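> Structure incoming, see below.
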Amino acid sequence: MLVGIDIGGTFTDVVALDPRNGRVFLHKLPSTNDNPALAALLGLHEILAQSGTSPERLEGVSHGTTVATNAVLQSRYARTALVTTKGFRDVLDIGRQRRPDLWDIDRDKPDPIAARGDRFEVDERLDRNGDVLKAPPAAEIEALIPWIQTAGVEAVAVCFLHAYASNRHEERIADEVRRRLPGVYVCTSAEVVNEFREYERFCSTVVNASLLPVMDRYLAELEGGVHDISGKAFLRVMQSSGGTMSATAAREKPINTFLSGPSAGVIGAVAVAAAAKQDDFITLDVGGTSADVCLVEDGQSQLRLDQRIAGLPVKTPTVDVHTVGTGGGSIAWIDASGLLKVGPQSAGATPGPACYGRGGTMPTVSDANEVLGRLNPDTLLGGRLKVDWDAADGVISDLAGKLGLSRTEAAFGVIRIANAQIVQAIRVISVERGHDPRDFALLAAGGGGPAQAAEVARELGIKTVLVPANPGLLCAYGLLHSRQRADFSRTRLIPVADGASGAISDLRDDVLAEVEEWRQREGKAPDDFELACLGDFRYGGQDSELQVDIGLGAIDEVVAAALRKAFHDAHEANYGYAARAQRVELVAIRIVATGRQPRYPAEDLSAAGDGRPSATRSVWFEHDGRVDTPIYQRSSLIPGTAMQGPAIVEQMDTSTLVLPGMSFTLLPSGVLVLEEAE
Numbered sequence: 165m166l167v168g169i170d171i172g173g174t175f176t177d178v179v180a181l182d183p184r185n186g187r188v189f190l191h192k193l194p195s196t197n198d199n200p201a202l203a204a205l206l207g208l209h210e211i212l213a214q215s216g217t218s219p220e221r222l223e224g225v226s227h228g229t230t231v232a233t234n235a236v237l238q239s240r241y242a243r244t245a246l247v248t249t250k251g252f253r254d255v256l257d258i259g260r261q262r263r264p265d266l267w268d269i270d271r272d273k274p275d276p277i278a279a280r281g282d283r284f285e286v287d288e289r290l291d292r293n294g295d296v297l298k299a300p301p302a303a304e305i306e307a308l309i310p311w312i313q314t315a316g317v318e319a320v321a322v323c324f325l326h327a328y329a330s331n332r333h334e335e336r337i338a339d340e341v342r343r344r345l346p347g348v349y350v351c352t353s354a355e356v357v358n359e360f361r362e363y364e365r366f367c368s369t370v371v372n373a374s375l376l377p378v379m380d381r382y383l384a385e386l387e388g389g390v391h392d393i394s395g396k397a398f399l400r401v402m403q404s405s406g407g408t409m410s411a412t413a414a415r416e417k418p419i420n421t422f423l424s425g426p427s428a429g430v431i432g433a434v435a436v437a438a439a440a441k442q443d444d445f446i447t448l449d450v451g452g453t454s455a456d457v458c459l460v461e462d463g464q465s466q467l468r469l470d471q472r473i474a475g476l477p478v479k480t481p482t483v484d485v486h487t488v489g490t491g492g493g494s495i496a497w498i499d500a501s502g503l504l505k506v507g508p509q510s511a512g513a514t515p516g517p518a519c520y521g522r523g524g525t526m527p528t529v530s531d532a533n534e535v536l537g538r539l540n541p542d543t544l545l546g547g548r549l550k551v552d553w554d555a556a557d558g559v560i561s562d563l564a565g566k567l568g569l570s571r572t573e574a575a576f577g578v579i580r581i582a583n584a585q586i587v588q589a590i591r592v593i594s595v596e597r598g599h600d601p602r603d604f605a606l607l608a609a610g611g612g613g614p615a616q617a618a619e620v621a622r623e624l625g626i627k628t629v630l631v632p633a634n635p636g637l638l639c640a641y642g643l644l645h646s647r648q649r650a651d652f653s654r655t656r657l658i659p660v661a662d663g664a665s666g667a668i669s670d671l672r673d674d675v676l677a678e679v680e681e682w683r684q685r686e687g688k689a690p691d692d693f694e695l696a697c698l699g700d701f702r703y704g705g706q707d708s709e710l711q712v713d714i715g716l717g718a719i720d721e722v723v724a725a726a727l728r729k730a731f732h733d734a735h736e737a738n739y740g741y742a743a744r745a746q747r748v749e750l751v752a753i754r755i756v757a758t759g760r761q762p763r764y765p766a767e768d769l770s771a772a773g774d775g776r777p778s779a780t781r782s783v784w785f786e787h788d789g790r791v792d793t794p795i796y797q798r799s800s801l802i803p804g805t806a807m808q809g810p811a812i813v814e815q816m817d818t819s820t821l822v823l824p825g826m827s828f829t830l831l832p833s834g835v836l837v838l839e840e841a842e
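165 is the number of the first residue of the sequence shown in our numbering; add one for each residue after it.
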């Protein structure tokens, strides 16, 4: 048995898969935000019991986590010291000398995690080729140890100038700290980001170091709990890149987990869309706290090579997910000007929206949907969560009184603002990047996505909405379809001119040697992974790069010339011109090791129902007002039969809103398809 566990701000989602027959078991429980491992382990116990599975059959757990992200956002990381080259301790403050918002002169830059008093300079120096200009003085290394002890830090980031060219000085310092201060966590920039640009490299390494104690304690508890259930089970952690890594690797590079859950959702969406024969789509994953959107073209999502967390640059491959603070638990409030706002504050899991009956007193998106009749007025989560309709009605009515609106107007106002924020997020990843959203389907996921997707799609002119069989657990489902992945990179500035083939080949061999060392540490066979080699290229003097596939074949002068041409072509495709007489530089080589795609038998997710509604309910629609709307249980739908809206389709993890003028059909794969009438 394989299990995927995704921890969100409101719910923890658990999906178990029997790889012998493809049977899937689903479970959802409230998150325990003070200690996320508690809900994860409880959910693991409960789904094994639900599926009647012996603990001995548990083979592995794949996990999506927000622990690292929340630690940075809430400043709950470890106190961290920076050890750096003499004269460079203020790199973290200077940054790129750019304001976060060009036109907002009052907005502060983020505070560096390593305070200025916790930075130690060493009088060492390497040149850009890694040759030693000045070795670290033994007296300064000796003085470093008592300084760390006196400072009282838990973690140390070692970041020297040009360490991407040679890590000899960083390793000398790190080895000494590890030997003499075994309780202090240490990482070097060469281990975290083996690339040039000192501000991004230093910042990424400091963030990583600050999270080492946090993630080590968390994963130790989680891994220990998994092993208590089944001593043979492995624990893997989802990365921002859309691939999993071992728990050991996650302990060493926690910055790779920042967009763990949303990336798993994209992987799950790709698997679902493939079953529906849809290659071009936009994901809309609405959880309790936020909404994540991602554009997928030809079955592939885009990767970016960096991200910003709490305003801090972090260089790590990341699925190109755009997030806005709009979820089911997002709080509706009135600003100083009397205008209605929604989010980014969230009611979270505790107390949650008022309709959850846990003491929530603030109006939220879920409460607005409840008042409009779009959610079951009695129970959610398949009957396990009783709805407090009176509480939802009370908080929305109070909001309406402050706005001078009717209760219904206020509720739909909350929904319209939430939808508008989602629409804008989708335009960022589509229109602003040259894509017409009307050329894509919209894939709705999360507990709140199916309730809002139809209105969002209509606003954008999207004709087709896909709703997975279990959209509220898509991230956990995606964890089971993710491949193990590791990324390796190294910077060298190599002019791609005549005679450059040898230098490019040597650099690739160096990175391949690093890949081989990693493979042996992981205990994997060579055939367990597929390798891809890419290069970052630019014109001389440029500040940004484009990636070109280098491949793993022999590199000679013909190949080098082909790489130059490929870069010119890529530049023209991206920017509309190519300076073909300009010098081309190779900036870095990247090698991606990806595990084999898991293949499981397909479970028949289609239902054998009678196609009849289970009830009718008064539901409010923008252009139609209150309409007696049929309520369908998803298990009752007949595969292949087109039915007309308006309708509400209910299931354990979500409710799908079908607008008047739309039809809906259940595919044999279990995907629900909503389409605008022609």
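Even glycine gets a Cβ: it sits at the ideal position worked out from N, Cα and C.
Model, not experiment: these values are computed from the prediction.
Return the residue from the list 713, 736, 738 that minimises the CA-CA distance to residue 726.
Nearest C-alpha to residue 726: 713.
> Hey, how far is the Cα of residue 809 from the Cα of residue 842?
Cα to Cα, the separation comes out at about 14 Å.
> Between the Cα of residue 474 and those of 273, 481, 224, 396, spot the shortest distance and give me the residue it belongs to.
Nearest of 273, 481, 224, 396 to residue 474, Cα basis: 273.
> Going by alpha carbons, who is nearest to residue 716 out of 362, 187, 674?
It is 674 whose Cα lies nearest to the Cα of residue 716.
> Give the DSSP bridge partners of residue 326, in chain order.
Bridge partners of residue 326: none, in fact.
> Tell me which residues share the same chain as residue 507 and place their Cβ nearer than 6 Å to its Cβ, disregarding the 5 neighbours each side in the sequence.
489, 490, 494.
> Going along the chain, which unbroken runs of the alpha helix (DSSP H) with 4 or more residues stay wholly within the segment 685-758?
Segments of the alpha helix (DSSP H) lying fully in the segment 685-758: 721-739.
> Compare the C-alpha of residue 698 against each of 750, 823, 192, 423 and name the closest.
The shortest Cα separation from residue 698 among 750, 823, 192, 423 belongs to 750.
> From this set, 301, 305, 237, which residue's C-alpha is nearest residue 341's C-alpha?
Selected option, being the one with the closest Cα: 305.
> In chain order, what residues of the same chain have a beta carbon less than 7 Å from the beta carbon of residue 438, not counting five sequence neighbours either side?
Around residue 438: 463.
> What residue range is occupied by the uninterrupted alpha helix (DSSP H) comprising residue 306?
Note, residue 306: alpha helix (DSSP H), 302-315.
> Output yes or no for whether 9 Å exceeds the beta carbon distance between residue 426 and residue 350.
No. Outside cutoff.
> Using the Cβ count rule (16 or more neighbours within 10 Å means buried), how would you classify residue 431?
Residue 431 should be labelled buried.
> So, for residue 322: in the same chain, excluding its five sequence neighbours on each side, which residues have a beta-carbon less than 6 Å away from its beta-carbon?
Excluding positions up to five away in sequence, the list reads 247, 334, 337, 338, 352.
> Among residues of its own chain, excluding the 5 on either side of residue 385, which ones have a beta-carbon nearer than 6 Å to its beta-carbon?
Result list for residue 385: 201, in chain order.
> Count the other C-beta atoms from every protein chain shown that fall within 10 angstroms of the C-beta of residue 502, then say buried if there are 16 or more, exposed otherwise.
Burial call: exposed.
> Is residue 761 buried or exposed, if buried means 16 or more other CB atoms sit within 10 Å of its CB?
Burial call: exposed.
> Applying the criterion that 16 or more other CB atoms from any shown protein chain within 10 Å of the CB defines a buried residue, is residue 583 buried or exposed?
When all chains shown are included, residue 583 counts as buried.
> Which same chain residues end up closer than 7 Å to residue 646 when comparing Cβ atoms and leaving out the 5 residues on each side of it in sequence?
These residues qualify, in order along the chain: 226, 402, 406, 407, 408, 428, 431.
> My guess is that residue 650 and residue 757 are in contact by the Cβ rule of under 8 Å, so how many angstroms apart are they, rounded?
At roughly 5 Å, the Cβ-Cβ gap stays under 8 Å, so residue 650 and residue 757 are in contact.
> Which runs of the alpha helix (DSSP H) spanning at least 4 residues fall entirely within the segment 625-650, listed in chain order?
Whole alpha helix (DSSP H) segments, 4+ residues: 638-644.
> Just to confirm my understanding: we take residue 618, look at its own chain, exclude 5 residues before and 5 after, and list those with CB closer than 7 Å. What are they?
Correct list, in chain order: 629, 821, 822, 823, 826, 838.
> So, are the CB atoms of residue 446 and residue 605 less than 9 Å apart?
Contact flag set, yes.
> Among 611, 794, 811, which residue has its Cα nearest to the Cα of residue 193?
Checking every option, the nearest Cα to that of residue 193 belongs to 611.
> Quick one: residues in its chain with C-beta nearer than 8 Å to the C-beta of residue 541, no 5 flanking neighbours on either side, listed in chain order?
Excluding residues within five positions, the ones whose Cβ falls inside 8 Å are 534, 551, 553, 781.
> Tell me which same chain residues have a C-beta within less than 7 Å of the C-beta of residue 469, skipping the five on either side of it?
Only 479, 481 meet the Cβ criterion.
> To which residues does DSSP link residue 653 through a beta bridge?
Partner(s): 754.
> Cα-Cα, which of 505, 731, 181 is closest to residue 740?
Out of 505, 731, 181, 731 has the C-alpha closest to the C-alpha of residue 740.
> Identify whether residue 585 lies in helix, strand or coil by the three-state DSSP scheme.
Helix, per DSSP.
> Using a threshold of 9 Å, state whether the C-beta atoms of residue 455 and residue 613 are closer than that.
A contact, by the Cβ cut-off of 9 Å.
> From what residue to what residue does the alpha helix (DSSP H) around residue 509 run?
First-last for residue 509: 504-510, but that is the beta strand (DSSP E), not the alpha helix (DSSP H).
> Please name the residue, chosen from 603, 291, 233, that lies closest to residue 249 on a Cα-to-Cα basis.
Answer by Cα proximity: 291.
> Pull up the distance between the alpha-carbon of residue 580 and that of residue 188, whole angstroms please.
Going by the C-alpha atoms only, they are around 35 Å apart.
> Going by other Cβ atoms of all chains shown within 10 Å of its Cβ, with 16 needed for buried, is residue 594 buried or exposed?
Buried: at least 16 other Cβ atoms inside 10 Å.
> CB-CB under 6 Å to residue 777, same chain, minus the five flanking residues each way: which ones, in chain order?
Counting only Cβ-Cβ distances below 6 Å, and skipping sequence neighbours, we find 794, 795, 796.
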